[in-house]
Structure formats: C-alpha cells, structure tokens
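If you read the protein sequences in the order shown, they are chains A and B.
In terms of the numbering used here, the first sequence has 255 at position 255, counting the first letter as 1, and numbering is strictly consecutive.
In terms of the numbering used here, the second sequence has 198 at position 198, counting the first letter as 1, and numbering is strictly consecutive.
Protein chains: 2
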Amino acid sequence: MLSVIAIGDELLIGQVIDTNSGDIARTIAPAGWRLNDVQVVSDKAEDITRAIDRAFESSNIVITTGGIGPTKDDITKNTLCQYFGGEMIEDAAVLQNVKDVVERRGIKLNELTASQAIVPSSCRVIQNRVGTAPIMWFERDGKILVSMPGVPFETRQMFREEVFPQLLERFPSDSAIEHRTMLVTGLTESALAMTLDQWENALPEHLHLAYLPKPGLIRLRLDGMHRDKDFLAQDIDRHFAQLAEIIGENVLHMSDAEPQEILLEHLNRLSLTVATAESCTGGNIAHLITSIAGSSAVFMGSVVAYSNDVKHRLLGVKNETLEQYGAVSIPTVEQMAEGACRSIGTDCSIVTSGIAGPTGGTADKPVGTVCIAVKSPLGIVSHTHRFPGDRNRVIERASTTAIIMLIEQLKRLDSQK
Amino acid sequence: MLSVIAIGDELLIGQVIDTNSGDIARTIAPAGWRLNDVQVVSDKAEDITRAIDRAFESSNIVITTGGIGPTKDDITKNTLCQYFGGEMIEDAAVLQNVKDVVERRGIKLNELTASQAIVPSSCRVIQNRVGTAPIMWFERDGKILVSMPGVPFETRQMFREEVFPQLLERFPSDSAIEHRTMLVTGLTESALAMTLDQWENALPEHLHLAYLPKPGLIRLRLDGMHRDKDFLAQDIDRHFAQLAEIIGENVLHMSDAEPQEILLEHLNRLSLTVATAESCTGGNIAHLITSIAGSSAVFMGSVVAYSNDVKHRLLGVKNETLEQYGAVSIPTVEQMAEGACRSIGTDCSIVTSGIAGPTGGTADKPVGTVCIAVKSPLGIVSHTHRFPGDRNRVIERASTTAIIMLIEQLKRLDSQK
Numbered sequence: 001m002l003s004v005i006a007i008g009d010e011l012l013i014g015q016v017i018d019t020n021s022g023d024i025a026r027t028i029a030p031a032g033w034r035l036n037d038v039q040v041v042s043d044k045a046e047d048i049t050r051a052i053d054r055a056f057e058s059s060n061i062v063i064t065t066g067g068i069g070p071t072k073d074d075i076t077k078n079t080l081c082q083y084f085g086g087e088m089i090e091d092a093a094v095l096q097n098v099k100d101v102v103e104r105r106g107i108k109l110n111e112l113t114a115s116q117a118i119v120p121s122s123c124r125v126i127q128n129r130v131g132t133a134p135i136m137w138f139e140r141d142g143k144i145l146v147s148m149p150g151v152p153f154e155t156r157q158m159f160r161e162e163v164f165p166q167l168l169e170r171f172p173s174d175s176a177i178e179h180r181t182m183l184v185t186g187l188t189e190s191a192l193a194m195t196l197d198q199w200e201n202a203l204p205e206h207l208h209l210a211y212l213p214k215p216g217l218i219r220l221r222l223d224g225m226h227r228d229k230d231f232l233a234q235d236i237d238r239h240f241a242q243l244a245e246i247i248g249e250n251v252l253h254m255s256d257a258e259p260q261e262i263l264l265e266h267l268n269r270l271s272l273t274v275a276t277a278e279s280c281t282g283g284n285i286a287h288l289i290t291s292i293a294g295s296s297a298v299f300m301g302s303v304v305a306y307s308n309d310v311k312h313r314l315l316g317v318k319n320e321t322l323e324q325y326g327a328v329s330i331p332t333v334e335q336m337a338e339g340a341c342r343s344i345g346t347d348c349s350i351v352t353s354g355i356a357g358p359t360g361g362t363a364d365k366p367v368g369t370v371c372i373a374v375k376s377p378l379g380i381v382s383h384t385h386r387f388p389g390d391r392n393r394v395i396e397r398a399s400t401t402a403i404i405m406l407i408e409q410l411k412r413l414d415s416q417k
Numbered sequence: 001m002l003s004v005i006a007i008g009d010e011l012l013i014g015q016v017i018d019t020n021s022g023d024i025a026r027t028i029a030p031a032g033w034r035l036n037d038v039q040v041v042s043d044k045a046e047d048i049t050r051a052i053d054r055a056f057e058s059s060n061i062v063i064t065t066g067g068i069g070p071t072k073d074d075i076t077k078n079t080l081c082q083y084f085g086g087e088m089i090e091d092a093a094v095l096q097n098v099k100d101v102v103e104r105r106g107i108k109l110n111e112l113t114a115s116q117a118i119v120p121s122s123c124r125v126i127q128n129r130v131g132t133a134p135i136m137w138f139e140r141d142g143k144i145l146v147s148m149p150g151v152p153f154e155t156r157q158m159f160r161e162e163v164f165p166q167l168l169e170r171f172p173s174d175s176a177i178e179h180r181t182m183l184v185t186g187l188t189e190s191a192l193a194m195t196l197d198q199w200e201n202a203l204p205e206h207l208h209l210a211y212l213p214k215p216g217l218i219r220l221r222l223d224g225m226h227r228d229k230d231f232l233a234q235d236i237d238r239h240f241a242q243l244a245e246i247i248g249e250n251v252l253h254m255s256d257a258e259p260q261e262i263l264l265e266h267l268n269r270l271s272l273t274v275a276t277a278e279s280c281t282g283g284n285i286a287h288l289i290t291s292i293a294g295s296s297a298v299f300m301g302s303v304v305a306y307s308n309d310v311k312h313r314l315l316g317v318k319n320e321t322l323e324q325y326g327a328v329s330i331p332t333v334e335q336m337a338e339g340a341c342r343s344i345g346t347d348c349s350i351v352t353s354g355i356a357g358p359t360g361g362t363a364d365k366p367v368g369t370v371c372i373a374v375k376s377p378l379g380i381v382s383h384t385h386r387f388p389g390d391r392n393r394v395i396e397r398a399s400t401t402a403i404i405m406l407i408e409q410l411k412r413l414d415s416q417k
C-alpha cells in the first residue's frame, strides 16, 4: 500500500546507501502495512516525476526521501511544486522552526538555511523538530505524497513520531499481517530447506516461509496475511511452534534479535559479566555489544591485542606459547580467554585471533583461519574456523560465530540450573 | 545506461538492506557508466516482470540481484524463464560448479543445492565461482538482463571479475564521466554552500557540484560529463583545484577516503604507531581502523574501558580523578590518552569517554556529551563535544570526530617538518 522513492545522485553512484526505506518498512510492519516497492532515482526532475507516476500506479501513499537540502543539487521541492501545482512561498512557521533548530545546534542562521522555509503552497508542512528541511504532505484524489529529508536520523524519528501516526489515522487498516522470526545456526540454507520441505508444502495459503541467510546464521521468517486478525495470530503461533520443534537444537533464538542482544539477555539473566580480547576482529565484537543500550550492566571492557606484545603484556599470554604455536593458535586464544577475564575482571570472555587478510596467510593457516575461544563458568571452549570471503566478511563472520559460541555455553549453563 | 532490480521480500520489510546496487554503482563508475535507477521489488512474479519492463524503458542493461537461492521463496528463475522464453533444463557445467563449491566448503551436496543447476534454456550461464547460485545472462533485441545472487560478497566479486568486463566488451563507452571528491570538516552544509555560491554559479554546463553530508564531515563531489575525455579530465582537475583553494584549511583530504584510511596514511608516512582507549565508542574506533587492510603496521591495540575499574587498572587513570571529575571529563580522557600510549606502547592515542544514551545523562552532562583526547608527538589535545541523535549516531559521530582530531594533529606535525 506504500511506496518509497529515495532521491539522490549520491545513491546511484554508490557513495551513500539508502537506509531510509528499511527504517520506514520496519516502522509500518507492526500495523500490518508493507512496502510495495522502492525506487532509487537521481536528482533530475523528469526522473522524479516518472517515479512518482509509477509509485502511484501500485500505491496510494508515496514517501520520498532526500533531495530537499538547502544546496543547489537538491531540486525535489520545485519538482513537487510543479507536480502538485501552486507556487513557492515563504512559510513563517517553517522559518521559526529552522531558527529554533539552528539555535539549538549553536550555529548561525544563514541565507541558504533560511531558504528551507520556502515551500510549495500546495503542501501542508509537518515541522521537522530535528532538522531544518521541512516535511511536506501533498494530497490529490485520495493519494498522498509525503516528502521527507534524506538524513537518516531525521527521517527515522519524524516518520515514526509524526508522519506514520497521521497516515494511520487517514487509512485505518482492514487486513492483518503478522510475521514471526527465529534464528537458526549450524545448518546450511539448503540443508534446512530439505528438513522443512514436507512441512512447508503443507502450509496453508495464508502462510509463507522465507529464508534469510546471514554470515553464520539463518533467519527464518513465517509471514501471514488474513482478514481475521485473531485467527491469524493463533494460526501463525501454532505453525511457528511446529517449526521450532522440527528444527530442534539448531534454533538459536525465537526472535529476530541480533546475536549480541541474545548474549546480553543471557548474561543479564545469569548475572554474569563479559569481556572481549580481540585480535583479528579488531574491536568489532566489543562494538557490536556496546551498540546495544544497557550493555554497560554486563560488559566491562575489551583488550584489542593486535600486536603480540599487547597479547603478552595486557593479557598474560606466555612468550613461549606465541613462539611455539604462533598468535593464531588454540593455546594462544585459550590463554587470552583466561587473561581477559583476569585483567578486566569478568566471569566470561570472548576471544579471537586469526588472519583476516588480504595478506598474512600461509599454507598451514590460510587467510580466513580464525581461532576462537570463549570462557564461561563451564570452562573454556575453543575451535579453529576457516571462513570464506574478504577481510570484512571474515571479521563479520568471526564476530558472529564467537558471540554464538558463548551464547551456546550460556544456554547449556541455563539448562543445567 | 544500467538499471538494477533488487528482488526479495526481506528487503521490503526492512530485514535486510540492499547493498548490491551500491557495489555495482561503484564498480561501473570508473568506466564512466552510471546507474539510471534502482527498483526494490518483492518475490512476486508480476512485480518482477513489471520492474523488468520499466527498467528496460530507461536502460538497455538490467542487473537483477537476489531471488535465486535454492529455497521455495525464490521464484525469480522461473519468472525469467517465462519472460525470455525457453524451458527449465539441467545444465551439466553448473552442476559440476555447484559440486565444486560445496566440496570446497566442506559440506555435503543435497538435492536442493543440486537444483541450482536447473536453469532456463534461454540464458547463457556464467559460472559462480564463490557460490552455488548460477549467474544467468539473457539477451533479446540488443537488451541484456543479468541475474545475480542476493548474497553481497558473491555479487560483488562476480560482477567485478566476470559480468562487468563482459558488459564492457559488448558496449564500449562513447561519452566520458569523471568525478573528484574531497572531504571537508568544520563547516555546516549551508555555510559551505554560501562560501561556494558564486563559484558554483559560474560552473560550465558539463560540471556539477554535489554536497554529501555525513556525521562530522561533508563530502563534496564534482561531477563532469563530456564527449572529449582528455578535455574533461583537465577541466575537472582545474575546477577541483580552485574549489580546494576557496575552502582552504577546512579541506581534510583531497579524496573520497574514509577518515580511518587518511589516518593510516599519515601514520605510515610519519612512522608513528597508534592505540585507542575507548569508553562510549566501545571499540568502534579500533574496529574502523582495523577494517582497513594493512592497519596492523601502525595500529597496536586498544583498551575498551567501559567500567571505571578498567580505566584505572589497565590505563592508569587515578581513582581521585574519576571521583572528583567523573569518567566523562577532560582530566579523565587526558589520563586515558597517556595510559593508552604507555600500556599499549605507541606514539599516539585516540580516546573517548561520553554518554551515548539513551540513559545516563544529567543536567550537567546530557546524553551526547563526549570528551575526546588525542595524544601525538605534539602533546595531548582534548575537547568536550555535544553530539545530537540516538545512541548509534552518537557513537558514530564521536568515532569520526576523534579520528579527525588526530589527523589534524598529524597534519600540523607534517607541515612543521
């Protein structure tokens, strides 16, 4: 029912990635709404106009993002004025809002920023509380176009708090949509699909299963659409429970959460603290954990030990071990796991040492070789992995795998209690 | 001249972000090619068919990504067979490739994975060396559609190494495109635009300036298109040099590089090493630096000191300082900067301590307050910042700002030599 048009040359040369359409999709999903399509187009009037025509063919609501900054390369505002009629006028309320936002940021209002207050007379303005670009609501023949900024945090906040509530009031929903997601580890996509083949073939019309593989895990999403909201909720829950039973212990979690969120949930429940000691992942595991609000309750810190000297001095890895087995070895990561808990003062640790590439590989330990150890009250578990792909993929895959290794220990610990 | 269609329900519910179109855009840019548009559509045959029709209206080359995995939710292959004609047949060479890839990954071939070898008879297959989904090249009336996998690293590598070289052979370019990018700091977008107003108005037809603001810095891109390649290269260089002169010391770098790449370039040239000591950025600065291949030559390690205890024990911050001024204070980050160099054994350090939110703010130090210190051979420089936005935006903005603070010291050091 809703289409997004992301406007900007920078999106088409790959300098910036469109994250706004994903934010919008996640915001509307709980209300049973979904995106019909997304178009990414350049800052050219004819491309924008054609995209709007096409979007209105499939949707009665269109959200445009971007192309409304104060600089010359942004021509969306004039194009919308031509499309919906009217003339460009200065709006006093917008000017006041621009002044307020600029003052809060502690910078001076200049002419160009002030020009944000000039808007098409054919739109209703929604004041942008977190930025200077006005949000413009156009309406014609029961179809609505809302023009939003390109800056992700402005669009995220204003769409969630202002635009979407107003759209919901205008178009109360009639058909319900639900989805349930679980995380599965330890199986390839096709092995999982074969396991589920018979069950999947027997699914009713109104339910549908989707496989979303990510490095190191698979998200499995069950989608449903039905006029009867209560029936749908019960029916999807029943099928989802069957699914979990078939997959068994390979289910990591019954949610769409990131592995680091699941880890924090377990640590909080068990009242345990964690540290990381990272070589090849270079702080990425600590970064993933600390991206989650509230992580400071259980995450104490990390030592990123890129050099052997740091592995020895801050984590207590013996020089003999480094000489005899090398930095990328099980004895080294196990000593790092002990050392991380000791020097940071935690119950658990997550440790990596490997060769992320593109250079540094040997016949024995090719690029992608990563030794991972995790320490928990159950002791130390370690394993040597070989991950495919380039440097960033190895880092990403090793980080996810290491977090999952500790989650699995904590699940064992939980089940023993 | 080229359109991308990204296929997959997961993209439209915001569970996965399309990064393939950006990868493709960056790959084709150096050859003077650019994307006309991107469409993101669902796994429905009629949506895919309509998107192809629309893409062929503006482009003679269409790349589709996704929708060709072995599981049931992927229906692209059959839809393409209907669109281009022919029938589904098993291709022996594809089957062999699937077997090879599966064997290299050390897993067993199952029926579903083997079904990847069934392809429309109307396509020419390009073997996917890094995955099991075949790449399919369709051609009709001089128009080409290439169907690629959704998995980003497969599409990135195979498009760069196989598909794009074959497209270039088929369509030698006639008009040249160039762009030059510089990074600007310390100015708002509109202040910069006003500074450049006169110069920008005097730009010739074939040149165009775009502003790409990112947290903490602005990318300024000068685009040019002209039939005469040599003239264009000279002309864009001349204008780009003028631009740099007008902006002066606010130019951080004459490239499109990430701040962490610029930092590594300076450290390498000056033969200096660096460590980070991170509280609120939680390892993100170390992660950004270590994402760059070769960073191990100058980056030694990091202490992520989330708890005060770690700040004291591993970085030597005095308990009196933490008690008197708090963890988020200039005295604390300055001691962390000394401590990081000392305990990790480096010449330089980058240090953060702040309140990323959503909780933890006070009237005195609201959410977004971040103290940053950098140490270099010129001594310690520190500053208290107040960043807008949510947790992840504060982390991102603080990380970029901290890296830029050290770059600026190293530029000073360089100019003194």
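Note that the Cβ used here is the ideal one computed from N, Cα and C, for glycine as well.
TODO: For chain B, find out if any of its Cβ atoms is closer than 8 Å to the Cβ of A/Ile330; answer yes or no.
DONE: no
Open item on the list: What does the Cβ neighbour count give for A/Ala277, buried or exposed, with the cut at 16 atoms within 10 Å?
Closed with: buried
Open item on the list: So for A/Ile75, helix, strand or coil by DSSP?
Closed with: coil
- [ ] Indicate the three-state DSSP secondary structure (helix, strand or coil) for A/Gly224 in the structure shown.
- [x] strand
Open item on the list: Can you list, in chain order, the residues of its chain with a C-beta nearer than 6 Å to that of B/His253? Leave out the 5 residues immediately preceding and following it.
Closed with: Leu183, Ile262
- [ ] Throw me the rounded Cβ distance for the A/Ser21 and B/Val40 pair, which I believe falls under 8 Å.
- [x] 7 Å
Task: Cβ of A/Gln39 within 8 Å of any chain B Cβ - done: yes
TODO: Select from the segment 337–353 of chain B all residues with a C-beta closer than 8 Å to any C-beta belonging to chain A, and list them in chain order.
DONE: Ser343, Ile344, Gly345
TODO: State the DSSP-derived secondary structure class of B/Glu151, mapped to helix, strand or coil.
DONE: One point to set straight first is that residue 151 of chain B is Val, not Glu, in the sequence displayed. Correct three-state label for B/Val151: coil.
Task: CB contact flag (A/Thr273, A/Asp347, <8 Å) - done: yes
Open item on the list: Any C-beta of chain B within less than 9 Å: which residues of the segment 303–328 of chain A qualify?
Closed with: Val303, Val304, Ala305, Tyr306, Ser307, Asp309, Val310, Lys311, Arg313, Leu314
TODO: Over the uninterrupted beta strand (DSSP E) stretch that includes B/Arg180, give me the two end residues.
DONE: 176–184
TODO: Could you list which residues in chain B have their beta carbon closer than 8 Å to that of A/Asp364, in chain order?
DONE: What A/Asp364 touches in chain B: nothing, since even the nearest Cβ is about 17 Å away.
TODO: For the alpha helix (DSSP H) containing B/Arg34, list its first residue and its last residue.
DONE: That residue, B/Arg34, is in no alpha helix (DSSP H); it is neither H nor E in DSSP.
- [ ] Please confirm if B/Gly85 has its CB atom under 8 Å from at least one CB of chain A.
- [x] no
TODO: Return the residues of the segment 242–275 of chain A that lie within a Cβ-Cβ distance of less than 8 Å from chain B, sorted by chain order.
DONE: Asp256
Open item on the list: Counting only Cβ-Cβ distances shorter than 9 Å, please list the residues of the segment 6–22 of chain A near chain B, keeping chain order.
Closed with: Ala6, Gly8, Asp9, Glu10, Leu11, Leu12, Ile13, Gly14, Gln15, Val16, Ile17, Asp18, Thr19, Ser21, Gly22
Open item on the list: By the three-class DSSP mapping on this structure, what secondary structure does A/Cys371 have?
Closed with: strand
TODO: Leaving aside the five residues before and after B/Ile246 along the sequence, list all residues of the same chain whose C-beta is less than 8 Å from its C-beta, in chain order.
DONE: Thr195, Leu196, Trp199
Open item on the list: Which residue marks the beginning of the alpha helix (DSSP H) containing A/His239, and which one marks its end?
Closed with: 229–247
Task: contact_flag[the segment 4–11 of chain A, the segment 386–399 of chain A] where n(CB pairs < 8 Å) is 3 or more - done: no
Task: Euclidean distance between Cα positions of A/Gly131 and A/Glu154 - done: 6 Å
TODO: List the residues of chain A that B/Ser173 touches, going by C-beta distances under 7 Å, in chain order.
DONE: Within 7 Å Cβ-Cβ: nothing; B/Ser173 doesn't reach chain A, min ~16 Å.
Task: Endpoints, the alpha helix (DSSP H) within which A/Leu267 is located - done: 259–270
Open item on the list: Please report the distance separating the alpha-carbon of A/Ala275 from that of A/Val298.
Closed with: 9 Å
- [ ] May I ask you to list, following chain order, the residues of the segment 110–139 of chain A that have a beta carbon less than 7 Å from some beta carbon of chain B?
- [x] Asn110, Glu111, Leu112, Thr113
Task: Contiguous beta strand (DSSP E) assignments of at least 3 residues, all confined to the segment 87–113 of chain B - done: 88–90
- [ ] Please check the pair B/Thr64 and B/Met148, which I expect to be a contact at CB under 8 Å, by giving their CB distance rounded to whole angstroms.
- [x] 7 Å
Task: 7 Å Cβ cut-off: residues of chain B touching A/Gly480 - done: A question about residue 480 of chain A goes unanswered here, because the residues of chain A that appear run from 1 up to 417.
- [ ] Determine the DSSP secondary structure at A/Thr276, reduced to helix, strand or coil.
- [x] strand
Task: Inter-residue spacing [alpha-carbon to alpha-carbon] between A/Lys444 and A/Ile407 - done: No answer is possible for residue 444 of chain A: the residues shown for chain A start at 1 and end at 417.
Open item on the list: Classify A/Ser268: buried if its beta carbon has 16 or more other beta carbons within 10 angstroms, exposed otherwise.
Closed with: For the sequence presented, residue 268 of chain A should be read as Asn rather than Ser. Classification for A/Asn268: exposed.
Open item on the list: Within 10 Å of its beta-carbon, does B/Asp53 have 16 or more other beta-carbons around it, so buried, or fewer, so exposed?
Closed with: exposed
Task: Limits of the alpha helix (DSSP H) - the one that B/Val119 falls within - done: From DSSP, B/Val119 is part of no alpha helix (DSSP H) but of the beta strand (DSSP E) over 118–120.
Task: Host alpha helix (DSSP H) of B/Ala210 (start-end) - done: Counting along the chain, B/Ala210 falls outside any alpha helix (DSSP H), though it belongs to the beta strand (DSSP E) covering 207–214.
Open item on the list: Considering only the alpha carbon of each residue, which of A/Val98, A/His385, A/Asp309 lies closest to A/Lys365?
Closed with: A/His385
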